[in-house]
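Numbering (my numbering), first residue to last: 66 to 763. Idealized CB from N, CA, C, for every residue including glycine. From a predicted model like this one, the values you see are computed outputs, not experimental measurements. Working notes, beginning with the structure itself.
This is the structure:
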């Protein structure tokens, strides 16, 4: 069982960095002096923590006793005065250095939990200062060694089980990413006196083994728990620890609902210093309950329930609360006519002397609120991004939260040719930072484009349900290189299953992934092939992850004359069988495996690859891919061989899904570009090859 997790960079021994510098004393003993600067209450406190769960020496006991005394008799003084530490004793002080930087306004928070013979967390978090470097450091110690973990905020405590390794941490991180859409699984209360954290218990989840081929004479295996469709899921619970007095761990009580026998926690946010909002989602992902939990009792009160005949989308979004926590704003799907439901802002207000909340919709229409940004309580305004202009755009709006709920576009016509914005607000709501991410671009064409030249066409597919490929956001990718340097035309299409166009379009792909996406993507290709500047003999398709599934699914598709549409195609880390993929993803769109498996059988790529004899097909996969296992590609290749397909395989030994090395990324992109460049040259070479064959026949 692991309670939040993993860092990116670890160092043994010395602890160093901004805004303090400290050294570990003796072996296995953490001796740290640091400052907590709380501008709201304008006082500073020193704490000293000296703990080591596995030490059994008199020295350890003496240090722990001294630390306990110091914590219980903590010193305070006005922030304008400099705090001075008179402990540890000189003999220890000589071996330790502490540098406090008074010129910087830091908020340092600290929690330590001491489990006898189990584990220890001592964490430091730097935030809210005006010189934020994005670097955070935590001291995490367990077992016989301590780790300094840099650039990450969430860490693991072992509950005593063996097998805790860096690989374990990495895989736990991926599980949180799939459900919470974040690597963070701990949340500080606004006043820093409580810490909420998620506990993930995967002891009953079957083991997946990733082989490592390099670095030793015999390959090794790294086992980790991975829940696939229909298998046992990890159990998750939410706990709160109070830090102002004796350490007390309290579990938040999940909803008493038979539909929630198995559940995910998809969102956690503090409303006040004693109330925490939690979204609970059932395993089928068609019922969610938003609760407000009392951190002092663990009792959770239901505030909103949502249900869908298909699946629930956007379950990770946080509500925005008023300062007293009695009013909050959240996004929910509201029916808007024939196009299904669209996501709009709803306000929930607690009524005095009443257990019922007053719920009102602030926005409406056949467009989506994509993000609630901030709530200005003084001016009674809510700020948000929406697609009211067009689905591929993001404009900044404000709306009144009282009376007529009148809304106003703040970014429309503000910057010429800019229609895709992001925004952030200052704490006092007097200023906001508006970032333009524009450049309208659905079809990428070479700079020297002319209507009289014939260009090759590349279809790039992603299509993960709820995603959006076509937007007016500017970005430069490897496809841009293919366009600018090699004269290709790139097209992307958002069809059925894509986001921000209503739930009717989104939910149409339920239990038939690939089927409708192929129809829509092929319609886009047929439209492009009617253009005189497209070379109909040089058409290709590419996708990664779920897009790799779609590109492989689409590659055998026939044209209107029943001839081949695509000359070649490539798939990077493709999903090939949803039964082998993460339960949270597969069960969301195909239903619970084991109840009705027809959807899983129908979506297997094995049924599609028998017609790939003539087209070039490049598969790229890392052998240590922890998200989409190489097993997917191995199963696909087995079917390709049976079908006598013309395929090439490029592997990256012992590399993970995310290709962290820049050199590997460059090699990957170069390989993809070279494959399509070579594919698009095929037609140029055919006449010469045909002539040579004719000469040999004569």
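Residue i classed as buried or exposed, judged by whether at least 16 other C-beta atoms fall within 10 angstroms
i: residue 269; result: exposed
i: residue 301; result: buried
i: residue 659; result: exposed
i: residue 724; result: buried
i: residue 572; result: buried
i: residue 396; result: buried
i: residue 743; result: exposed
i: residue 388; result: exposed
i: residue 204; result: Because residue 204 sits at a pLDDT of 33, beneath the cut-off of 50, its placement in the model cannot be relied upon, and the point is left open.
i: residue 746; result: exposed
i: residue 429; result: exposed
i: residue 632; result: buried
i: residue 230; result: Because the pLDDT at residue 230 is just 37, under 50, the model does not fix this residue reliably, and the point stays unresolved.
i: residue 354; result: buried
i: residue 339; result: buried
i: residue 264; result: buried
i: residue 368; result: buried
i: residue 364; result: exposed
i: residue 156; result: For residue 156, the pLDDT reaches just 41, beneath the cut-off of 50, and the residue's location in the model is therefore unreliable, leaving the point undetermined.
i: residue 78; result: Low confidence applies to residue 78: its pLDDT is 30, below 50, so where it sits in the model is not reliable enough to give any reading.
i: residue 584; result: exposed
Whole-angstrom C-beta distance between residue j and residue i, which should lie under 8 Å
i: residue 712; j: residue 741; result: With a Cβ gap of about 15 Å, residue 712 and residue 741 do not count as contacting.
i: residue 475; j: residue 463; result: 6 Å
i: residue 721; j: residue 687; result: 6 Å
i: residue 674; j: residue 710; result: 6 Å
i: residue 656; j: residue 526; result: Not a contact, Cβ separation roughly 23 Å.
i: residue 575; j: residue 667; result: Their Cβ separation, rounded to whole angstroms, is 12 Å, which puts residue 575 and residue 667 out of contact at 8 Å.
i: residue 734; j: residue 543; result: 4 Å
i: residue 696; j: residue 671; result: About 13 Å separates the two Cβ atoms, so there is no contact after all.
i: residue 717; j: residue 530; result: Contact doesn't hold; Cβ gap of about 28 Å is too wide.
i: residue 552; j: residue 520; result: 6 Å
i: residue 652; j: residue 349; result: 7 Å
i: residue 579; j: residue 615; result: 6 Å
i: residue 593; j: residue 622; result: In fact, because the Cβ distance is near 14 Å, the residues do not count as touching under 8 Å.
Terminal residues of the beta strand (DSSP E) in which residue i lies
i: residue 715; result: 712-717
i: residue 653; result: Residue 653 -> not in any beta strand (DSSP E); alpha helix (DSSP H) instead, spanning 648-655.
i: residue 18; result: A question about residue 18 goes unanswered here, because the residues of the chain that appear run from 66 up to 763.
i: residue 259; result: 259-266
i: residue 313; result: 313-316
i: residue 693; result: Premise fails: residue 693 is in no beta strand (DSSP E) and is neither H nor E.
i: residue 556; result: 554-556
i: residue 628; result: First-last for residue 628: undefined, no H or E at that position.
i: residue 292; result: No beta strand (DSSP E) contains residue 292, which DSSP labels as neither H nor E.
Strand pairing of residue i, partner residues [DSSP]
i: residue 732; result: Per DSSP, none; premise fails for residue 732.
i: residue 436; result: 450
i: residue 683; result: 635, 713
i: residue 512; result: DSSP lists no partner for residue 512.
i: residue 485; result: 459
i: residue 276; result: 286
i: residue 445; result: Paired residues: none, contrary to the question.
i: residue 344; result: 332, 355
i: residue 350; result: For residue 350, which the question treats as bridged, DSSP gives no partner whatsoever.
i: residue 500; result: 487
i: residue 251; result: 262
i: residue 365; result: 358
i: residue 411; result: 395, 426
i: residue 386; result: 393
i: residue 474; result: 462
i: residue 281; result: Paired residues: none, contrary to the question.
i: residue 564; result: Its beta-bridge partners do not exist; DSSP assigns none.
i: residue 300; result: 266
i: residue 623; result: 629
i: residue 371; result: 353
Terminal residues of the alpha helix (DSSP H) in which residue i lies
i: residue 664; result: 663-667
i: residue 53; result: No answer is possible for residue 53: the residues shown for the chain start at 66 and end at 763.
i: residue 568; result: 568-572
i: residue 590; result: 580-594
Contact between the segment 604-618 and the segment 435-451 (3+ Cβ pairs under 8 Å)
No, because fewer than three Cβ pairs between the segment 604-618 and the segment 435-451 fall closer than 8 Å, the two stretches do not touch.
Looking at C-beta atoms only, is the number of pairs between the segment 380-391 and the segment 329-341 that lie closer than 8 Å three or more?
Touching, yes.
Using 8 Å as the cut-off, can you tell me whether the segment 307-321 makes contact with the segment 335-349, which would need three or more C-beta pairs spanning the two stretches below that distance?
yes
Could you tell me whether the segment 358-374 touches the segment 302-316, where touching means 3 or more Cβ pairs closer than 8 Å?
yes
Within the chosen definition, does the segment 406-413 reach the segment 545-560 through at least 3 CB pairs nearer than 8 Å?
no
Taking contact to mean at least 3 C-beta pairs separated by less than 8 Å, is the segment 641-649 in contact with the segment 285-301?
yes
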